[in-house]
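S.K.: According to the numbering used here, the residues represented by the sequence shown are 45 to 693, in order.
For each residue, glycine too, the CB sits at the ideal point set by N, CA and C.
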Amino acid sequence: MPGMAPAAWRRAARGSGLVQIAFLLALLHVAAAAKQQDPRLSNPIVPGSVFVSFKKGAVLSASAAANVSPLPSGSGVAGSLPVRRGESPEAAAKRYRKSAGVKYAAPNLWVHVTDGGSYPFRAPVQEPLWNASWAMTKISAGYAYGTGVGGRRKDTTSETRVCIIDSGVDCGHPDLAGSCKDGVSFFSNKETRGLAAAQDENGHGTKMAGLVTASGIITPPLGTAGVLYLGSSLYVCKFMDAKGFGTMGDALLCLQWCISKGVSLSLASWGTNIGNMAWEGPGTPGELYWRFKQVLLKQGNNHLLVAAAGNQGRPLLPQPQCGPFFFMPAQLQVDNMLVVGASDQSDGMWKAGVSGTALSGQRTAALVSGQCQATVAEDSGSNYGSNYVHIFAPGYLVWTTSMRSSEEKLLNKATYVEVIGTSVSAALVSGVAGLVLAATGNAAASGMQDVRQAILDGADRTAALTSKVSDQFGNDVRNGQTVVGAGRRLNAYNTLSEYFGDPGDYDPNFPLLPPAMCGTAPAAYASRLLPSPPPPQPPSPRPPVVVPYTTGRPPPRPPPRLVPSPRPSPPPPLPPRPPPPKPPPPLPRPPWPRPPSRPPSPKPQPPKPRPRPPPPNSQCRVGQVFDVFQKRCVAVPLKRRSGRRSGLL
45 MPGMAPAAWR
55 RAARGSGLVQ
65 IAFLLALLHV
75 AAAAKQQDPR
85 LSNPIVPGSV
95 FVSFKKGAVL
105 SASAAANVSP
115 LPSGSGVAGS
125 LPVRRGESPE
135 AAAKRYRKSA
145 GVKYAAPNLW
155 VHVTDGGSYP
165 FRAPVQEPLW
175 NASWAMTKIS
185 AGYAYGTGVG
195 GRRKDTTSET
205 RVCIIDSGVD
215 CGHPDLAGSC
225 KDGVSFFSNK
235 ETRGLAAAQD
245 ENGHGTKMAG
255 LVTASGIITP
265 PLGTAGVLYL
275 GSSLYVCKFM
285 DAKGFGTMGD
295 ALLCLQWCIS
305 KGVSLSLASW
315 GTNIGNMAWE
325 GPGTPGELYW
335 RFKQVLLKQG
345 NNHLLVAAAG
355 NQGRPLLPQP
365 QCGPFFFMPA
375 QLQVDNMLVV
385 GASDQSDGMW
395 KAGVSGTALS
405 GQRTAALVSG
415 QCQATVAEDS
425 GSNYGSNYVH
435 IFAPGYLVWT
445 TSMRSSEEKL
455 LNKATYVEVI
465 GTSVSAALVS
475 GVAGLVLAAT
485 GNAAASGMQD
495 VRQAILDGAD
505 RTAALTSKVS
515 DQFGNDVRNG
525 QTVVGAGRRL
535 NAYNTLSEYF
545 GDPGDYDPNF
555 PLLPPAMCGT
565 APAAYASRLL
575 PSPPPPQPPS
585 PRPPVVVPYT
595 TGRPPPRPPP
605 RLVPSPRPSP
615 PPPLPPRPPP
625 PKPPPPLPRP
635 PWPRPPSRPP
645 SPKPQPPKPR
655 PRPPPPNSQC
665 RVGQVFDVFQ
675 KRCVAVPLKR
685 RSGRRSGLL
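(1) Exposed or buried, what is Arg129 when buried is set at 16 or more other beta-carbons lying within 10 Å of its beta-carbon?
(2) Less than 9 Å between the C-beta atoms of Leu340 and Val378, yes or no?
(3) For Gln668 and Arg676, what's the separation of their Cα atoms in angstroms?
(4) Would you check if the distance between the CB atom of Gln356 and the CB atom of Tyr440 is smaller than 9 Å?
(5) For Gly194 and Val271, what's the separation of their Cα atoms in angstroms?
(6) Could you check the C-alpha separation between Met284 and His156 for me, to the nearest Å?
(7) Assess, as a yes-or-no matter, whether the stretch 274-283 is touched by the stretch 205-222 under the definition of 3 or more beta carbon pairs within less than 8 Å.
(8) Mind checking whether Met252 and Asp210 have CB atoms under 9 Å apart?
(9) Note down the Cα distance separating Ser430 from Arg141, rounded to an integer number of angstroms.
(10) Enumerate, from N- to C-terminal direction, the unbroken beta strand (DSSP E) stretches of 3 or more residues contained entirely within the stretch 186-272.
(11) Applying the 10 Å Cβ sphere with the 16-neighbour rule, what's the burial state of Pro577?
(12) Quick check on the DSSP output: the alpha helix (DSSP H) that includes Leu454 runs from which residue to which?
(13) Would you kindly report the start and end of the unbroken beta strand (DSSP E) that includes Lys147?
(14) Cα-Cα, which of Gly367, Lys395, Ala351 is closest to Gln375?
(15) If Leu242 sits next to Val280, beta carbons under 8 Å apart, how far is it from one beta carbon to the other, in whole angstroms?
(16) Within a Cβ cutoff of 8 Å, which residues of the same chain sit near Ile541, ignoring the five residues on either side of it in sequence?
(17) Run through the DSSP bridge pairs and tell me what Thr444 is partnered with.
(18) Could you tell me the distance, in whole angstroms, from the CA atom of Thr594 to the CA atom of Ala188?
(19) Look at the Cβ atom of Ser259, then the Cβ atom of Ala386, and state whether they are nearer than 9 Å.
(20) Expressed to the nearest angstrom, what Euclidean distance is found between the alpha-carbon atoms of Ala409 and Gly367?
(21) Does the Cβ of Gly192 have 16 or more other Cβ atoms within 10 Å, making it buried, or fewer, making it exposed?
(22) According to DSSP, simplified to helix, strand and coil, what is Asn317?
(23) Grab the span of the beta strand (DSSP E) containing Thr291 for me, first residue to last.
(24) Between the beta-carbon of Ala721 and the beta-carbon of Val480, is there less than 9 Å?
(25) Who are Thr526's beta bridge partners in DSSP?
(26) If we require 4 or more residues per run, which alpha helix (DSSP H) segments fall completely within the stretch 348-383?
(27) Please classify Arg358 as buried or exposed, where buried requires at least 16 neighbouring CB atoms within 10 angstroms.
(28) Let me make sure I understand the geometry here. Which of Val96, Tyr148, Thr181, Ala149 has the alpha-carbon closest to that of Pro566?
(29) Under three-state DSSP, which class holds Asp388?
(30) Taking the alpha carbon of Gly529 as the point to measure from, which residue in Asp546, Ile499, Phe544, Ala536 has its own alpha carbon closest?
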């Protein structure tokens, strides 16, 4: 610095260095704050409000009436009401329960999507992605399609109905067009009916809908196909915002709405970690989940809810639990529920870092020698535990439809995405349950527990999912649980086989698929179903594989991983042969008469043209002819007339 003493210059430099360090620390603090976990994940109670349900015809006041909506069942009204200043939601719920006309009151809880990440991709025209998705081959869906079972479109007497309880659906997507039947939105204390109100703002619901029922059969073919690619009737209930969060009170209203529409199959790919919060019974902080369970129990055999196990990479254990961790609704333990974990291409449990995906890890707790130590790090991945998780299904890098932007909607573009998580797995299981409904013409809707049991009985048994699990110190803190009961992994075709037959007496239309064929495709189709290597290369536009399995002699066993065996290296090439000599040019055609053939000369000379003899009579005078013997022209002899002379007798 000019004009400054050395000591002053050093002091100024030290001062500026301190300022720079402070600035960097501030930036690090801001970055760390940006990466902090959403507080709704650690404290699921919604502040400032209570979910209150009133008896039919009873409302506390006009102000309360403005914040409630009629229940889909018609038994009353419900909604979120405010709490007093300084009052906790638990205390407010207790106060509301004392009021006349109140059926129940409970703190509202945040729920969130169970999406493990996605990798956007935009498919060009005539670029189907079903062949690039390994999941459909792994669950043997092609064999189910070979029997003609693939869903039933809406507006038919036996349509396949599925309720999507999520963030909404982009029903105008080209691969979903015509699938959405009805919609509603329960959001911010407001019920809005119609498919326009159920428009997706987060994208999660559109991904789930594509896995369930994307058509993939548009002409020319576009994109990918869901399990029910031949059609279904989607009932869409939106209760989550653009960030993927919603309240449990609205989710409860969605479930009741689905049931009121006569839908027997619902998908819930979301959840809440309520920790050690009490939830069983009225008056508990987690009462809304208890209410959710009561609705399911009341439906019994008439409804099946498919729920995601969650993406925290944790074992599902009973309360109280070290951590604490208790994921709902996956841990409700209801007979008409299926809880689904996520598997990878090798039939192992999907876990970040192991399956090749870098997702943010988290610090969790574990019991070590009977003491709770919150020092064990676990990566994100599928939750597991045979006491709560019933079945696994593909949940790693599976293609599906994605929500479109406003510009893409104007251009009617079709967009797709590759997704990860237990949400993906739950959607595939929902689609397989829909296959049973489609195969029975919706007659199975009155026996959904039979559908549930067929899915469990028809699952493939995989060794990687039968192992017992323990913490990183080798302690068996999972109470002897395995990853999933009996190591089950979804099999779409054998689900139909188990539903229509019994062990040893299977329906001839759905014979049990041999184990060697499960999770594979016939050799003739193996090359069509190979997953695209990263970056994804566009596959050839071919329709989904439909290869029925018939009784009798089974077809040859295909390669287990659908990868063609490497060919032996070719032998070294032979030295090139010398070029053959050039043939001589063809001789010109001589004039008539053709001269006799001559042996070829080294330098053939074209023969001289031979003068053509003049034709006969050409040089003779009038009255002459050419005599070939005398070789000269001679006079033509006069020909006498023959006949009688006149007067002679």
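M.R.: Short version:
(1) Counted from its first residue, the sequence shown places residue 129 at position 85. Exposed, because fewer than 16 other Cβ atoms sit within 10 Å of the Cβ of Arg129.
(2) The count along the sequence shown starts at 1 and reaches residue 340 at position 296. The count along the sequence shown starts at 1 and reaches residue 378 at position 334. The answer is yes: Cβ separation under 9 Å.
(3) Position 624 of the sequence shown, counted from the start, is the residue given in the question as residue 668. Position 632 of the sequence shown, counted from the start, is the residue given in the question as residue 676. The straight-line gap from Cα to Cα measures roughly 10 Å.
(4) Mapped onto the sequence shown, residue 356 falls at position 312. Mapped onto the sequence shown, residue 440 falls at position 396. Taking 9 Å as the Cβ cut-off, Gln356 and Tyr440 do not qualify as a contacting pair.
(5) Position 150 of the sequence shown, counted from the start, is the residue given in the question as residue 194. Position 227 of the sequence shown, counted from the start, is the residue given in the question as residue 271. Approximately 7 Å between the Cα atoms of the pair.
(6) The residue you call residue 284 lines up with position 240 of the sequence shown. The residue you call residue 156 lines up with position 112 of the sequence shown. Each residue's Cα considered, the two are about 8 Å apart.
(7) yes
(8) Translated into the one-based positions of the sequence shown, residue 252 becomes position 208. Translated into the one-based positions of the sequence shown, residue 210 becomes position 166. Cβ atoms of Met252 and Asp210: closer than 9 Å.
(9) Walking along the sequence shown from the start, residue 430 turns up at place 386. Walking along the sequence shown from the start, residue 141 turns up at place 97. Ser430 and Arg141: Cα-Cα distance of roughly 38 Å.
(10) 205-210, 224-230, 235-237
(11) Within the sequence shown, numbered from 1, the residue matching residue 577 stands at position 533. Reliability fails at Pro577, whose pLDDT of 36 lies under 50, so the model's placement of it is uncertain and the value that follows must be treated cautiously. So Pro577 counts as exposed.
(12) Translated into the one-based positions of the sequence shown, residue 454 becomes position 410. Start and end: 450-454.
(13) Within the sequence shown, numbered from 1, the residue matching residue 147 stands at position 103. That run of the beta strand (DSSP E) goes 146-157.
(14) Within the sequence shown, numbered from 1, the residue matching residue 375 stands at position 331. Ranking the options by Cα distance to Gln375, first place goes to Ala351.
(15) Taking the first residue of the sequence shown as 1, we reach residue 242 at position 198. Taking the first residue of the sequence shown as 1, we reach residue 280 at position 236. Contrary to the premise, residue 242 reads as Ala rather than Leu in this sequence. Confirmed, about 4 Å.
(16) Start at 1 with the first residue of the sequence shown, and residue 541 comes out as number 497. The amino acid at residue 541 is misidentified as Ile; the sequence shows Ser. Hits under 8 Å: Gly502, Tyr550, Asp551, Phe554, Pro555, Leu556, Leu557.
(17) Locating residue 444 in the sequence shown gives position 400, counting from the first residue. Thr444 is bridged to Val461.
(18) Position 550 of the sequence shown, counting from 1, holds the residue named residue 594. Position 144 of the sequence shown, counting from 1, holds the residue named residue 188. With a pLDDT of 38 at Thr594, under the threshold of 50, the modelled position of this residue cannot be trusted; read the value that follows with caution. Their Cα atoms are separated by approximately 12 Å.
(19) Within the sequence shown, numbered from 1, the residue matching residue 259 stands at position 215. Within the sequence shown, numbered from 1, the residue matching residue 386 stands at position 342. Not closer than 9 Å, so no.
(20) As a position in the sequence shown, residue 409 is number 365, starting the count at 1. As a position in the sequence shown, residue 367 is number 323, starting the count at 1. Bear in mind that a pLDDT of 46 at Ala409, under 50, signals an unreliable position, so the number given afterwards is only what the model happens to contain. Whole-angstrom Cα-Cα distance: 5 Å.
(21) Your numbering for residue 192 matches position 148 in the sequence shown. With fewer than 16 other Cβ atoms within 10 Å, it is exposed.
(22) Residue 317 sits at position 273 when you count from the first residue of the sequence shown. Looking at Asn317 - three-state DSSP - the assignment turns out to be strand.
(23) Here residue 291 refers to the residue found at position 247 of the sequence shown. It spans 289-291 - the beta strand (DSSP E) in which Thr291 sits, taken as one unbroken run.
(24) Nothing about residue 721 can be read from this structure; the chain reaches only from 45 to 693.
(25) By one-based count along the sequence shown, residue 526 stands at place 482. In DSSP, Thr526 forms a bridge with Lys512.
(26) Within the stretch 348-383, no run of alpha helix (DSSP H) at least 4 residues long lies entirely inside it.
(27) As a first step, residue 358 must be located in the sequence shown, where it is residue number 314. That one is buried.
(28) Translated into positions along the sequence shown, residue 566 becomes position 522. The residue with the shortest Cα to Cα distance from Pro566 is Thr181.
(29) Here residue 388 refers to the residue found at position 344 of the sequence shown. Residue state, collapsed to three classes: coil.
(30) In the sequence shown, counting from the first residue as 1, residue 529 sits at position 485. Closest by alpha carbon: Ile499.
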